[in-house]
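**Q** Once you've had a glance at the structure underneath, I'll fire off some questions.
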DNA sequence: TAGTGGTCTAGACCACTAT
DNA sequence: TAGTGGTCTAGACCACTAG
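Chains as they are written, first to last, in our numbering: chain A, 157 to 401; chain B, 157 to 401.
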């Protein structure tokens with residue numbers, strides 16, 4: 157039994173593919189809402205939702221009276237990033253290698269509790285190590301991960317790296333994650349960190365802290381990664397928050 | 157004659173304010189769509205658009221069957237950033253001071269043209285200097301700005317700093333800007349740059365490149381700013397791009 | 001199983017843009 | 001002024017979640 161997609165998503169995906177494949181080049185106008193209604197036998201509301209779908213991605217720009225215009229023909233990195241940021245951790249066992257330095261079962265201290273707005277202490281698995289490419293073993297970043305207890309009984313008492321990783325896969329898979337918050341700051345690589353990352357001491361680094369929340373809104377995982385500056389850039393598109401704000 | 161707001165924006169703003177003011181605390185459920193319809197005498201479509209308004213801002217999370225839940229009670233920095241990123245340049249003459257080192261009229265070279273995807277060369281005003289706080293004169297960042305010729309006849313031939321700044325205000329004001337693209341990378345501060353920023357040489361910096369596009373989709377301004385690491389952080393919320401992608 | 005949000009239709013009028 | 005997208009109504013059925 158196939159999961160049937162909503163009509164507006166079908167339309168959105170169609171337009172998306174057409175734009176990516178050059179059917180509508182940069183600055184081209186897409187069909188009007190009325191035309192899309194006629195072409196696909198859908199209501200105007202559905203056509204609008206389809207257009208909103210690609211507008212949200214940032215491929216087109218809509219202007220009252222002027223039509224829907226293509227403003228880029230490739231996917232902004234930003235859009236992939238939700239998937240990517242989740243995928244990144246899932247890839248720890250796949251495209252990238254995660255050699256774990258530290259693997260411990262800990263409890264949040266007072267400082268962390270206030271920082272994370274926890275009302276009660278929570279247990280977590282702490283993992284830290286270097287993530288590197290599989291093929292040439294070049295270091296990508298150093299990651300410290302706090303994996304919070306989710307279902308109380310899932311963690312074995314004897315904690316080893318393999319179980320911890322497996323646990324993380326489980327947490328992040330099956331579309332558990334509802335949203336991700338990220339924070340970027342620049343930093344210097346300490347000698348220690350630089351050595352681990354196979355880079356020069358005192359060179360620039362990007363520090364990325366990501367918080368993964370479940371669909372129920374609970375913090376399930378916190379990852380801090382330090383990248384050598386040349387290994388990381390972040391790109392973003394801002395649009396006016398309609399009318400006000 | 158007041159510009160009457162759309163009903164869904166009225167609703168969105170109302171809910172927004174209620175959340176900011178603590179009427180709906182963290183994790184609280186908002187009224188259901190049906191209730192909002194009844195309370196405000198609006199159709200369900202309008203109620204949904206109102207809810208979408210605050211969902212887009214990132215204040216609530218909606219789940220089929222479960223309701224609309226508050227996931228944060230303050231405005232994410234991200235949301236202000238479109239306004240902020242435009243405002244930042246407008247503030248050059250106001251809250252912050254921009255002491256201009258360089259002010260020139262230039263033309264894009266081949267390298268820039270390919271980088272910016274221009275088919276023809278374009279003239280621009282080049283401005284560079286330190287932006288600093290007005291009250292304590294502490295440096296905020298070093299900015300280089302390329303301000304592209306927009307209306308051919310607007311620039312006086314004798315270019316001085318005052319006209320250039322005035323021109324920039326004009327470009328960015330009156331809601332000309334339709335979108336902003338930004339890119340973040342970490343870097344080291346050169347001795348020269350560090351001196352200008354009143355910081356230590358070889359300390360970490362954040363490099364932010366922002367491209368400002370007009371509502372017609374034309375690149376009107378490009379700004380590169382270098383911040384001392386401790387002066388800048390970027391925060392972001394990612395949500396799954398509905399269903400697919 | 002009751003109630004929520006998600007999708008969809010078929011209309012209507014309005015505000016804006018281009019020419 | 002013609003045609004576009006923006007807002008809005010009043011319905012309908014479906015998919016999901018929680019108790």
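Note that the Cβ used here is the ideal one computed from N, Cα and C, for glycine as well.
Establish whether the CB of residue 340 of chain A and some CB of chain B are separated by less than 8 Å.
**A** Cβ-Cβ to chain B under 8 Å: yes for residue 340 of chain A.
**Q** Tell me, please, whether the CB atom of residue 344 of chain B is closer than 8 Å to any CB atom in chain A?
**A** Chain A contact via Cβ: present.
**Q** Tell me which same chain residues have a C-beta within less than 7 Å of the C-beta of residue 252 of chain A, skipping the five on either side of it?
**A** The residues are 287, 288, 289, 290 and 296.
**Q** Could you check where the alpha helix (DSSP H) with residue 165 of chain A kicks off and where it finishes?
**A** Per DSSP, residue 165 of chain A belongs to the alpha helix (DSSP H) from 163-176.
**Q** Got a sec: is the Cβ-Cβ distance from residue 337 of chain A to anything in chain B below 8 Å?
**A** Yes, its Cβ sits closer than 8 Å to a Cβ of chain B.
**Q** Would residue 376 of chain A pass as a contact of residue 304 of chain A if the rule is Cβ separation under 8 Å?
**A** Yes, the Cβ-Cβ distance between residue 376 of chain A and residue 304 of chain A is below 8 Å.
**Q** Specify, as a first and last residue, the run of the alpha helix (DSSP H) that residue 335 of chain B falls within.
**A** Per DSSP, residue 335 of chain B belongs to no alpha helix (DSSP H); it is in the beta strand (DSSP E), 333-344.
**Q** Assign residue 292 of chain B to buried or exposed, taking buried as 16 or more other Cβ atoms, counted over all protein chains shown, within 10 Å of its Cβ.
**A** By the 10 Å Cβ count, residue 292 of chain B comes out exposed.
**Q** Kindly indicate which residue of A:163, A:368, A:174 and A:385 has the alpha-carbon position closest to the one of residue 272 of chain A.
**A** Looking at the Cα atoms, A:368 is the closest of the given residues.
**Q** Please classify residue 359 of chain B: does DSSP put it in a helix, a strand, or coil?
**A** In the structure shown, residue 359 of chain B sits in coil (DSSP, three-state: anything other than H, G, I, E or B).
**Q** Quick check on the burial criterion: 16 or more other C-beta atoms within 10 angstroms. Buried or exposed for residue 275 of chain B?
**A** Exposed is the call here.
**Q** Might you give, ordered along the chain, the residues of its own chain that have their beta carbon closer than 8 Å to the beta carbon of residue 354 of chain B, omitting 5 neighbours on each side?
**A** 294 and 295.
**Q** Following the continuous beta strand (DSSP E) through residue 202 of chain A, name the residue where it begins and the one where it ends.
**A** Run containing residue 202 of chain A: none in the beta strand (DSSP E); it sits in the alpha helix (DSSP H), 200-213.
**Q** For the beta strand (DSSP E) containing residue 379 of chain A, name the first residue and the last one.
**A** Note, residue 379 of chain A: beta strand (DSSP E), 375-384.
**Q** Can you tell me which of the three DSSP states residue 367 of chain A falls into?
**A** Strand.
**Q** Please classify residue 175 of chain B: is it buried, with 16 or more other beta-carbons within 10 angstroms of its beta-carbon, or exposed?
**A** Buried.
**Q** If residue 340 of chain B and residue 164 of chain A are in contact, beta carbons under 8 Å, what's the gap, nearest whole angstrom?
**A** Contact flag wrong, Cβ pair sits at about 33 Å.
**Q** Are the CB atoms of residue 215 of chain B and residue 204 of chain B within a distance shorter than 8 Å?
**A** Taking 8 Å as the Cβ cut-off, residue 204 of chain B and residue 215 of chain B do not qualify as a contacting pair.
**Q** Distance, Cα to Cα, residue 248 of chain A vs residue 350 of chain A?
**A** Residue placement at residue 248 of chain A cannot be trusted, given a pLDDT of 49 that sits under 50; what the coordinates show is reported in the next sentence. Cα to Cα, residue 248 of chain A sits roughly 21 Å from residue 350 of chain A.
**Q** Can you tell me whether residue 178 of chain B is buried or exposed? The criterion is at least 16 other CB atoms within 10 Å of its CB, across all chains shown.
**A** It counts as exposed.
**Q** Using DSSP's beta-bridge definition, name the partner residues of residue 284 of chain A.
**A** A:258 and A:300.
**Q** Measuring CA to CA, which of B:284, B:357 and B:213 is closest to residue 258 of chain B?
**A** Ranking B:284, B:357 and B:213 by Cα distance to residue 258 of chain B puts B:284 first.
**Q** State the start and end residues of the unbroken beta strand (DSSP E) segment that holds residue 225 of chain A.
**A** First-last of the beta strand (DSSP E) with residue 225 of chain A: 223-226.
**Q** Tell me the residue span of the alpha helix (DSSP H) that contains residue 271 of chain A.
**A** Residue 271 of chain A -> alpha helix (DSSP H) spans 266-271.
**Q** What's the call for residue 263 of chain A, buried or exposed, on a 16-neighbour Cβ count within 10 Å?
**A** Classification for residue 263 of chain A: exposed.
**Q** So, helix, strand or coil for residue 387 of chain A, using DSSP?
**A** In this structure, residue 387 of chain A counts as helix in the three-state DSSP scheme.
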